[in-house]
Structure formats: C-alpha cells, structure tokens
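Chemist: Here this note's numbering runs 16 ahead of the position in the sequence shown, where the first position is 1.
We treat Cβ as the ideally placed atom computed from N, Cα and C, and that holds for glycine.
All values derive from a computational prediction rather than experimental measurement.
I'd like to ask some things about the structure below.
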Amino acid sequence: MGERKGQNFYYPPDFNYKTHKSLNGYHGTHALRERAKKIDQGILVIRFEMPFNIWCLGCHNHVGMGVRYNAEKKKCGMYYTTPLYEFRMKCHLCDNYYVIRTDPKNFDYELVEGCSRQELRFDPTDIQQVGAVDRGFAQKLAADAMFKKEHEAEDKEKAAGEEGRVDKLEWIQERMRDDFSANSYLRAQFRNEKKSLNETRARDANLCEKLSIGTTSLLPETEEDRRMASMLTRYKDAKSHDDFLETSRDRIESKRIFGRPEAPDTPSTSSGSSGAPTPSERLKATMKAERDKRINATFSAGSSGVNFLGIKRKSTTSLGIQKKKAVPTTTDGADTKNSVKPEAPPPSTNPISLIAQEYGDSSDSE
Numbered sequence: 017m018g019e020r021k022g023q024n025f026y027y028p029p030d031f032n033y034k035t036h037k038s039l040n041g042y043h044g045t046h047a048l049r050e051r052a053k054k055i056d057q058g059i060l061v062i063r064f065e066m067p068f069n070i071w072c073l074g075c076h077n078h079v080g081m082g083v084r085y086n087a088e089k090k091k092c093g094m095y096y097t098t099p100l101y102e103f104r105m106k107c108h109l110c111d112n113y114y115v116i117r118t119d120p121k122n123f124d125y126e127l128v129e130g131c132s133r134q135e136l137r138f139d140p141t142d143i144q145q146v147g148a149v150d151r152g153f154a155q156k157l158a159a160d161a162m163f164k165k166e167h168e169a170e171d172k173e174k175a176a177g178e179e180g181r182v183d184k185l186e187w188i189q190e191r192m193r194d195d196f197s198a199n200s201y202l203r204a205q206f207r208n209e210k211k212s213l214n215e216t217r218a219r220d221a222n223l224c225e226k227l228s229i230g231t232t233s234l235l236p237e238t239e240e241d242r243r244m245a246s247m248l249t250r251y252k253d254a255k256s257h258d259d260f261l262e263t264s265r266d267r268i269e270s271k272r273i274f275g276r277p278e279a280p281d282t283p284s285t286s287s288g289s290s291g292a293p294t295p296s297e298r299l300k301a302t303m304k305a306e307r308d309k310r311i312n313a314t315f316s317a318g319s320s321g322v323n324f325l326g327i328k329r330k331s332t333t334s335l336g337i338q339k340k341k342a343v344p345t346t347t348d349g350a351d352t353k354n355s356v357k358p359e360a361p362p363p364s365t366n367p368i369s370l371i372a373q374e375y376g377d378s379s380d381s382e
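Here's what the structure looks like:
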C-alpha cells in the first residue's frame with residue numbers, strides 16, 4: 017500500500033499543471049498547514065526548546081531549561097556564510113514576549129528582548145572538564161625556549177596531580193579490554209547466585225508446606241537466628257530448680273544407709289575399650305538402687321515419716337476399707353468347721369530385720 021500514497025490523489029477536471037503546479041497550489045494551501053500561516057513574511061512556526069535557565073522580565077518568574085514554546089522563526093542576517101535566526105515566543109505565565117537569536121561566533125544564544133540569563137556558568141577546570149585549547153599558547157611554547165622553561169615547573173606539578181586520574185582511566189580501559197573473560201566471570205557469578213536463591217526458595221517452600229503456613233515469604237537467615245536456634249537445641253532438656261532438687265533427693269535416698277562402702281568405679285573388662293557399662297550391669301545397678309530406696313523408705317516409715325535427711329516427705333498411705341479379722345473359738349464342743357483359721361504373721365517390716373535379711377547376722381556366723 018505504500019506505493020499508492022503518491023498516486024491516490026484526486027485531481028479535479030479543472031486542474032491545470034501549468035497554472036496550479038500542485039494540489040496545494042490548486043487549493044491555495046501550504047504543505048505545512050498552520051505552521052506556514054506567515055510564510056509570506058518569511059516566518060515559520062516551530063517548537064523551540066529553552067537552551068538554558070532564564071528569568072522573565074515581565075512577570076519575573078523562572079523558566080527552566082528544556083521548556084518548549086511555539087516560536088516564530090525567521091532569518092535576520094548572516095555571519096559570513098552562516099545564517100542568523102531569530103525566535104520570538106510568548107511567555108506562558110504572562111503577556112511578555114521573548115526574542116532570542118543565534119550567535120554562531122561564540123557558539124551561544126543571544127537574549128535580545130524580554131528575558132535575562134540565569135548565570136550558572138563555571139570554569140571548565142573547576143568542574144573537571146577539559147577547557148578550550150589555546151593554540152597561540154602552544155605555538156609560543158614551541159617557538160620560545162625561555163617561555164617553555166618558565167612553564168616547565170607548572171607542567172610537572174600538573175602532571176603529578178593528574179597521575180592518579182590517568183592511572184584510573186587506564187585501569188578502566190584495561191579491565192574491559194578482554195570483554196569475553198569479563199562476561200564469563202559475571203555470568204558465572206550470576207549462575208552461582210541464582211543457584212543459591214533457588215535452593216533457598218525450595219527450602220522455604222518445604223518449610224512452609226510442613227508448617228501449613230501457605231505461601232508466606234520468609235526472611236533470610238541471620239547469625240542471630242543461628243545463635244538462638246543453637247541455644248534452644250542445647251537447653252531443650254533443661255529442668256527447673258524444683259525438678260533438680262527432687263532428682264537429687266531421689267538419688268540420695270536410693271543409696272544404702274548402713275551398707276558396706278562401695279568399691280571405687282573401675283572400668284569393667286566386659287564393657288569394652290570405651291568403658292561404658294553393659295546392659296546387664298545397668299540392670300543390676302537399677303535393681304540395686306530400687307532395693308536400697310525401698311529399704312530407706314521402710315526405715316523412714318518407721319521413723320514417723322521423717323527420712324534420714326531430716327526432710328518430711330508426703331505420706332503415701334493409701335486409703336481404703338480394712339476387714340476385721342475373725343477370732344478363732346477355743347471353747348470345748350464348739351463347731352470348729354466354720355471357724356476362721358488364724359492368718360500367718362506378716363513379714364517383718366522392721367528396718368533392722370530387713371537389713372539383717374539383706375546382709376545376714378554376722379554374730380551368728382561367728
């Protein structure tokens with residue numbers, strides 16, 4: 017369809033090429049439409065962008081660089097073979113008009129009417145920019161040896177001051193000389209980082225699924241979190257002070273009161289090279305502790321509930337219904353068929369008797 021743009025024009029029957037030249041001439045219009053309404057005066061309407069900050073002399077407002085206006089452009093002279101153009105535009109804040117001309121001699125713009133420049137000019141050497149080269153100064157240095165000698169010290173000081181900057185520029189150029197290696201290094205770093213991120217996301221997703229917390233985003237792990245987790249793991253079985261005291265009492269009460277002195281702990285040959293007790297030894301030690309604890313509890317019960325440590329423990333007597341024993345009849349001629357036989361005497365609960373049963377009577381053996 018592009019080739020038809022220059023052909024699909026309607027030419028009326030009274031169109032004469034010699035008279036009208038073109039359809040715009042036939043209709044009495046210009047190709048630029050409204051922009052060429054003053055073309056007979058040599059004025060063309062364009063979009064002008066403010067090249068720098070200015071002050072409006074009508075309303076004294078500030079107009080920033082880059083603000084665009086519909087300006088009337090016309091040719092107002094020549095500088096050698098370069099045309100001079102003038103731009104006239106209306107202020108958007110008041111009824112004042114700006115008139116600005118091009119200045120090819122100084123590579124700048126000239127403010128003719130209605131505005132003034134906001135002075136923000138800097139010395140190129142102050143803002144770390146290369147200033148304009150003075151050709152006459154360079155020619156004088158090359159022609160006059162004394163003049164060159166006078167400025168030699170200044171050149172050395174300037175070179176010493178710029179040495180660090182030159183080294184930095186050389187380093188910047190050198191690091192990108194082998195662009196393939198630099199690209200490979202960066203891509204390797206990105207791949208490692210991406211792999212680490214994927215592993216972290218998968219681990220967080222598994223944790224969220226395990227805890228049934230949906231798609232909650234988890235914060236990254238920190239050193240403080242690791243320290244707190246290690247403390248929780250280390251002290252998860254910690255007991256309170258009361259539990260510690262209770263365990264200590266049970267351990268003391270499980271020892272024999274009148275027992276023989278225990279032999280020092282010696283590693284058993286059957287326990288292996290590690291010195292750990294065997295299952296049979298652990299079972300014997302447990303049974304011995306239970307037996308000693310039972311003997312101590314019986315002795316404490318015979319001493320009004322106060323154990324040998326002087327601590328009154330809670331009574332463990334269970335409440336219930338006691339049956340009265342039947343008394344056997346000894347009257348002559350009485351029917352003894354239904355009489356209740358006397359029960360056997362219960363085993364002695366005297367602590368001394370229990371200890372004697374455990375160890376035997378040494379006096380009898382002698």
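Relative to the C-alpha of Met81, which candidate in Lys90, Lys54, Ile70, Thr294 has its C-alpha closest?
Modeler: Stepping through the sequence shown from its first residue, residue 81 is reached at position 65. Checking every option, the nearest Cα to that of Met81 belongs to Ile70.
Chemist: Determine the DSSP secondary structure at Glu65, reduced to helix, strand or coil.
Modeler: One-based indexing of the sequence shown puts residue 65 at position 49. Reduced to three states, the DSSP call for Glu65 is strand.
Chemist: Give the DSSP-derived three-state secondary structure of Thr45 in the structure shown.
Modeler: If you number the sequence shown from 1, residue 45 lands on position 29. In the structure shown, the three-state DSSP call for Thr45 is coil.
Chemist: Within 10 angstroms of the Cβ of Gly180, are there 16 or more other Cβ atoms? Answer buried if so, exposed if not.
Modeler: By one-based count along the sequence shown, residue 180 stands at place 164. With fewer than 16 Cβ atoms within 10 Å of its Cβ, Gly180 is classed as exposed.
Chemist: In this structure, does DSSP put Arg403 in helix, strand or coil?
Modeler: Not covered by the structure: residue 403. The range shown for the chain is 17 to 382.
Chemist: Could you say which of Ala158, Glu88, Phe68, Asp160 lies nearest to Leu3 if we only look at CA atoms?
Modeler: The question about residue 3 has no answer, for the chain in this structure spans 17 to 382.
Chemist: Using 8 angstroms as the threshold, is the C-beta distance between Phe103 and Phe64 below it?
Modeler: Taking the sequence shown and counting its residues from 1, one reaches residue 103 at position 87. Taking the sequence shown and counting its residues from 1, one reaches residue 64 at position 48. Taking 8 angstroms as the Cβ cut-off, Phe103 and Phe64 qualify as a contacting pair.
Chemist: With a cut-off of 8 angstroms, do at least 3 Cβ pairs link the stretch 114-128 to the stretch 84-104?
Modeler: With a cut-off of 8 angstroms, the stretch 84-104 and the stretch 114-128 count as touching, because enough Cβ pairs lie within range.
Chemist: Leaving out the 5 sequence neighbours to the left and right, which residues in its chain are closer than 6 angstroms to Ser289 when beta-carbon positions are compared?
Modeler: Position 273 of the sequence shown, counted from the start, is the residue given in the question as residue 289. Note that Ser289 has pLDDT 49, beneath the 50 cutoff, so the model's placement of it is unreliable and the number below is only indicative. Contacts found: none.
Chemist: Work out the CA separation of Leu60 and Lys54 for me, nearest whole Å.
Modeler: Residue mapping note: residue 54 aligns to position 38 of the sequence shown, counting from 1. Residue mapping note: residue 60 aligns to position 44 of the sequence shown, counting from 1. Approximately 7 angstroms between the Cα atoms of the pair.
Chemist: Compute the Euclidean distance between the alpha carbons of Arg265 and Lys271, then round it to the nearest angstrom.
Modeler: Here residue 265 is taken as the residue at index 249 of the sequence shown, counted from 1. Here residue 271 is taken as the residue at index 255 of the sequence shown, counted from 1. Distance from the CA of Arg265 to the CA of Lys271, rounded to the nearest whole angstrom, comes to 10 angstroms.
Chemist: Going by beta carbon distance, what residues of the same chain come within less than 7 angstroms of Val115, once the five residues before and after it are set aside?
Modeler: Here residue 115 is taken as the residue at index 99 of the sequence shown, counted from 1. Here the set comprises Glu102, Arg104, Val128, Glu129, Gly130.
Chemist: Taking the straight line between their C-alpha atoms, what separation do you get for Pro236 and Arg250?
Modeler: Residue 236 sits at position 220 when you count from the first residue of the sequence shown. Residue 250 sits at position 234 when you count from the first residue of the sequence shown. If you take the alpha carbons of Pro236 and Arg250, they lie about 23 angstroms apart.
Chemist: Alpha carbons only, please: which of Leu109, Thr35, Glu88 is nearest the one belonging to Arg117?
Modeler: As a position in the sequence shown, residue 117 is number 101, starting the count at 1. Closest by alpha carbon: Glu88.
Chemist: Identify the residues that DSSP records as bridge partners of Ile116: which are they?
Modeler: Counting from 1 along the sequence shown, the entry for residue 116 is found at position 100. Phe103, Leu127, per the DSSP bridge assignment.
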